[in-house]
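**Q** Supplied in structure tokens, the structure appears directly below.
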Amino acid sequence: MSLNARNVYPYIVLVLGIASLVWAVSFGTLPPADFAFHNGDEVKTVDPSKATGQPEHRVITALFEGLYREWPFGYELDEEGNIVNYPEPDENGNYPLEAAPGVAESSDLSDDGRIYTFHLRAEAKWSDGSPFVANDFVWSWRRTLHPETASQYAYQLWYLKGAKEYTLADVKLGDPIEAELSDRPRPDQTFPRGTIRRGKLVGIARPPEPQPASDASDENQEDVDTAWKKRWVYVVEQGSEVAAFSKAEASDGWTDFVIDWLDDESRQLPATVATCLYMLPDFEATVGVKATDEHTLVVTLNNRTPFFLHLTTFYPLFPVNRQCVETHGTPAWTKPENLVCNGSYKLQFRRIRDRLRVVKNPEYWGTKQVNLETVDVLSFKSETTALNMYLTGQADWITDVPSAVIPQLMARKEGDYVPTPLLIIYFYRLNVTRAPCDDVHVRRALNMAIDKQLICDKVTQAGQKPARSLVPPGLPGYTSPQCGVFSVDAAKEELKKSKYWNQPGGIPTVEILYNTNENHRAIAEVIQQMWKNNLGIDAELKNSEWNTYLSSIHSKEYSVARAGWVPDYPDANTFIDMWITDGENNETGWSNAEYDALVQKAAEEPDADQRLRWMEQAEAILMDELPVIPIYYYVSKGMVSPRVKGFFPNIQDQHPLYWMRIEE
Amino acid sequence: MSGFASFALRRAFWIVATLWIVFTLSFILMRLVPGGPFDEERKVPEEIKRNIEARYRLDQPMYVQYGEHLWRLIWHGDFGLSYKLGDYSVNGVIAEGFPVSASLGIFAMVFAITLGTTAGVVSAVRRHSFLDNSLMTTATLGIAVPNFVLASLAIVLFVFTLKLLPAAGWGSLKQLVLPAVCLGAPYAAYIARLTRTGMLEVLGRDFVRTAYAKGLSERRVIVRHALRGALVPVVSYLGPATAGILTGSLVLESIFALPGMGSHFIEAALQRDYTMAMGMVMVYTLLLLVMNTLVDLSYAVLDPRVSIEKL
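Same order as they appear, the protein sequences are chains A and B. Those letters in the first sequence? Residues 401 to 1064, per the numbering used here, in order. Those letters in the second sequence? Residues 2 to 312, per the numbering used here, in order.
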């Protein structure tokens, strides 16, 4: 190193420093959006078939639209988007929602309640201007159901005939099948698919089943099993021809294979076996969705499903653009420059863990009714940071606030923290096969001895509402029957009727089981106190971690256990039908023949009103016998700026952007 | 220049070797942690879970996965798809996050050096004055207070009380000021103390006395003669300071909702996003090694006693 370099060095450093500083501050700036909201952590994907979760729900509902869409009951806009009618909230501050036409203009339902015929809007288009056709749904649903898509929400489509079998690749002899050959244009992409051979499955040849090793773990056993199934050879009749397919590379020895034939035992295996990637039920022949013309979609369900229209508003049932997915492949098709969508907004810009910028989609059929032009979906995790941004006007809506500051937020003079009940219930399960909860009088007494208002005011503190029914209030047309109100005297009276009253040894001790969590513990402690003070019943607390807690519940190794229920769809049925005798989520040992009959009646009832009446009668039995004690209804924890109109708090906590507008 | 060439070669070799070891250790450690990337609260049908794992080749034996990851990284410089952010490749996330973190780091570093050296020089020249005492007290405080505490105080003061700066977010210079200052402040404090000490030592030297005796102005003596010697300890501190600023930005990026690598790193680790966490670890490692090399190089240039052959 020469002295020369030493003299130049400070200047080099100075120049480099200034250059990097200039680079550091020279980032492109975005013009501010009309509206910004905090959406929680970055969405995992905007692909409707692969997403799960609330933040994803909010983004995907802006970008895509299903057959129907959620709409506040009585909210009317004219063609130009001016408000014609603005509904009034219910007594809880919530607005009822209905499934309103989206891509579909209308639908017809068959008499048996199983076949929906959707009439799509002729003016519906994709964001690239191409027309929207019924086959777009057929293709998208096929994609969601395809095993390789591995959609965690595929089961939301399993109400369709044949859908579950398609996802699980469940093929049986005699079924129409589709075999996909291994000649895909791009092997890592599920779509476009390789050559499809369709036909009837007439034979399955299986190699000898491997003997399970005695020391093999379940996991290993499954691997062995999968490898074995991969070698099966499927014989398929295609018209007059017979072909054989296997997922394994052409297998050499056949001799030890055992062949099951459909009928004719004299059949022979074809000389060659083609390699296939998938052996699935024939989608077109077996799955209940068909496009009968460009704008008509016929959907066949397994059973009467009264909430199916609501399901079509949920993103697993949304359409995606085939051209876009097949051209760019997954995940590249979701990039802002590639994405073709059909919702009220389209994706303009995305910076990970910063924001998704969406702009109004001019090709959307209802675009004139959409008020906000550009919206920033802020994606980062910290609720505290989001609250800071809301308080300083950088965000107009935040979806969750830190629990620690809720009491201060409730006292704000702006009145913009207004918790409203959600369709989620916090309750206690009572094991009716164990003393003392096997006595209905004890159960009623336990319920009436809990001051639920006190729990909401002093323990949970976020504005939760005390619950006297299992189905939270707010479902249109449904009025929940109520269980006994808090009263120490009534509870004591009830307890005196029980068989344990005046028994030697007194009333047996109960045990409250909860999964390890501060809030659950606090509530259990308060209830323990109330039962002791009001009834003289001793309760012990027991906490266990989640998996242990679950297995204790499944095996009914508890006397009282805390629980919560978040419904999959907005319908009382999801709260009611779990309590039928031996229902999968019943877990209390409770059984009532009359109740079972009412649930069955409701499932078969074609009349919508009468169906709700059956369910109300069923819940009345539940609230009288009390195998469960409802404690409180969850509440929304969002904050929205007073300048936003069309927010419509509701029990599902859904706030699509196409409702909203800004009033200066 | 042959000394420089052999220095560069030796360093390149050690950087590659370190990266490989870090890669291997991270690969093993990540898979030892209980819980996989696709364990969900909601039970997924077994068939679907298998298909998801097959898509990311998690159904392969560990050595196959290791080989594939390493091969893809060496041959294509590709970390693969993120397990958790389904729309992104790891390289895509790094490409978006790196400029943000780099901007923040550069800003913080420039702030720390400018403020630190200025305060240090002033303190040394006016030593034991009120100015010196207050500057050094502030510096001690600055080192003691963790950056997230400083950030909270700064938010209360500048965002809510004075309403001068935005609370969080990314996209304008204003939004960069608070996080960069909070990130740089402890380093400014440390640099100030180092500069002061270095300066005091140099100012007592003979050549400084000679310079004064020649009749040079105080400004000229300090800037032309004393400062260079005083800065040697500061330069050697820049290596650890870079490391500190890189890791410190993890916390500040969360507080100020900056879409930098720190936010992605934390989430990747929490969500068991193996490929993403690996990408972040490798980039951070490479960055640290390169910065250290540059600092060593500067050291050789600044201090005649240090020879590049011996580094």
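Ideal Cβ placement from N, Cα and C applies to all residues, glycine included. Small disclaimer: the values here were computed from a predicted structure and weren't measured.
So with CB distances below 9 Å, who are the chain D contacts of residue 447 of chain A?
**A** Looking for chain D here will not work: the only protein chains present are A and B.
**Q** Residue 520 of chain A and residue 696 of chain A: beta carbons closer than 9 Å?
**A** Yes, these two residues count as a Cβ contact at 9 Å.
**Q** Give the secondary structure of residue 915 of chain A by DSSP, where H, G and I count as helix, E and B as strand, and everything else as coil.
**A** Reduced to three states, the DSSP call for residue 915 of chain A is strand.
**Q** Whole angstroms is fine: what's the gap from residue 843 of chain A's alpha carbon to residue 822 of chain A's?
**A** Taking the straight line joining both Cα atoms gives about 26 Å.
**Q** So what does DSSP say about residue 954 of chain A, is it helix, strand or coil?
**A** Helix.
**Q** Ignore the nearest five residues each way along the sequence and tell me which others in residue 42 of chain B's own chain have a CB closer than 7 Å to its CB.
**A** Unreliable positioning characterises residue 42 of chain B in this predicted model, as indicated by a pLDDT of 48, which lies under 50. A coordinate reading is not provided.
**Q** Along the beta strand (DSSP E) that carries residue 187 of chain B, what are the first and last residues, could you check?
**A** Premise fails: residue 187 of chain B lies in the alpha helix (DSSP H), 174-204, not in any beta strand (DSSP E).
**Q** Mind reading off the beta-carbon distance from residue 776 of chain A to residue 436 of chain A? Whole number of angstroms is fine, and I expect it under 8 Å.
**A** Contact holds; Cβ gap of about 4 Å.
**Q** For residue 93 of chain B, does the three-state DSSP call read helix, strand or coil?
**A** Of the three classes helix, strand and coil, the one that applies to residue 93 of chain B here is helix, per DSSP.
**Q** Out of A:632, A:1058, A:1008, state which residue places its alpha-carbon closest to the alpha-carbon of residue 877 of chain A.
**A** For the residues A:632, A:1058, A:1008, the minimum Cα distance to residue 877 of chain A belongs to A:1008.
**Q** At a Cβ cut of 8 Å, what residues of the segment 264-282 of chain B count as close to chain A, listed as they run along the chain?
**A** Here the close residues are 264, 265, 268.
**Q** In chain order, what residues of the same chain lie with their CB nearer than 7 Å to the CB of residue 274 of chain B, ignoring the 5 residues before and after it?
**A** Excluding residues within five positions, the ones whose Cβ falls inside 7 Å are 38, 83, 84, 85.
**Q** In chain A, which residues lie with their C-beta within 8 Å of the C-beta of residue 56 of chain B?
**A** Chain A residues near residue 56 of chain B: 548, 550.
**Q** Taking the alpha-carbon positions, what's the residue 413 of chain A to residue 296 of chain B distance?
**A** Each residue's alpha carbon lies about 12 Å from the other.
**Q** Taking C-beta pairs closer than 8 Å, name the residues in chain A that residue 219 of chain B reaches, listed in chain order.
**A** In chain order: nothing, as chain A lies at least about 20 Å away.
**Q** Going straight from the alpha carbon of residue 299 of chain B to that of residue 214 of chain B, what length do you get?
**A** Taking the straight line joining both Cα atoms gives about 31 Å.
**Q** How is the alpha helix (DSSP H) around residue 757 of chain A delimited, first residue to last?
**A** Element bounds for residue 757 of chain A: not the alpha helix (DSSP H) but the beta strand (DSSP E), 755-760.
**Q** DSSP state of residue 420 of chain A, grouped into three classes?
**A** Residue 420 of chain A falls in the helix class under three-state DSSP.
**Q** Under 9 Å between C-beta atoms, does residue 72 of chain B make it to chain A?
**A** It does not: the Cβ of residue 72 of chain B has no partner Cβ on chain A nearer than 9 Å.
**Q** When you compare only the Cα positions, how much space is there between residue 734 of chain A and residue 828 of chain A?
**A** Each residue's Cα considered, the two are about 43 Å apart.
**Q** First and last residue of the alpha helix (DSSP H) that includes residue 646 of chain A?
**A** Not the alpha helix (DSSP H): residue 646 of chain A falls in the beta strand (DSSP E), residues 641-646.
**Q** Report the start-end ranges of each beta strand (DSSP E) in the segment 495-562 of chain A that is 3 residues or longer and not cut off at the edges.
**A** With a minimum length of 3 residues, the continuous beta strand (DSSP E) runs that stay inside the segment 495-562 of chain A are 497-501, 504-509, 515-520.
**Q** Which class does residue 259 of chain B belong to by DSSP, given the choice of helix, strand or coil?
**A** Note: residue 259 of chain B maps to coil in three-state DSSP.
**Q** Tell me whether the beta-carbon of residue 500 of chain A lies closer than 9 Å to the beta-carbon of residue 479 of chain A.
**A** Contact flag unset, no.
**Q** Going by C-alpha distance, which of A:606, A:969, A:851 is nearest residue 627 of chain A?
**A** Ranking the options by Cα distance to residue 627 of chain A, first place goes to A:606.
**Q** Taking Cβ to Cβ, would you say residue 1003 of chain A is nearer than 9 Å to residue 977 of chain A?
**A** Against a cut-off of 9 Å, the Cβ pair of residue 977 of chain A and residue 1003 of chain A comes out as a contact.
**Q** Can you name the residues that DSSP bridges to residue 866 of chain A?
**A** DSSP, once it has assigned bridges, lists A:1032 as partnering residue 866 of chain A.
**Q** So, with DSSP's three-state summary, where would you put residue 330 of chain B?
**A** This structure cannot settle anything about residue 330 of chain B, because the visible part of chain B is limited to 2 through 312.
**Q** Can you list the beta strand (DSSP E) stretches of 3 or more residues lying completely in the segment 409-488 of chain A, in chain order?
**A** 435-438, 468-472, 483-485, all fully within the segment 409-488 of chain A.
**Q** Starting from the beta carbon of residue 1138 of chain A, find every residue of chain B whose beta carbon is closer than 7 Å, and list them in chain order.
**A** No statement about residue 1138 of chain A is possible, as the shown extent of chain A runs from 401 to 1064 and does not include it.
**Q** Residues of chain B with a CB under 7 Å from the CB of residue 442 of chain A: which are they?
**A** Those within 7 Å of residue 442 of chain A in chain B are 86.
**Q** To which residues of the same chain is residue 209 of chain B closer than 8 Å at the C-beta, ignoring the five residues directly before and after it?
**A** Counting only Cβ-Cβ distances below 8 Å, and skipping sequence neighbours, we find 203, 222, 226, 227.
**Q** Along the chain, where does the beta strand (DSSP E) that runs through residue 576 of chain A open and close?
**A** Here the beta strand (DSSP E) through residue 576 of chain A covers 576-581.
**Q** Identify every run of the beta strand (DSSP E) within the segment 225-275 of chain B, keeping only runs that are complete inside it and at least 3 residues long; order them along the chain.
**A** Whole beta strand (DSSP E) segments, 3+ residues: zero.
**Q** Helix, strand or coil: which one does DSSP assign to residue 223 of chain B?
**A** It is helical.
**Q** Classify residue 247 of chain B: buried if its beta carbon has 16 or more other beta carbons within 10 angstroms, exposed otherwise.
**A** So residue 247 of chain B ends up on the buried side.
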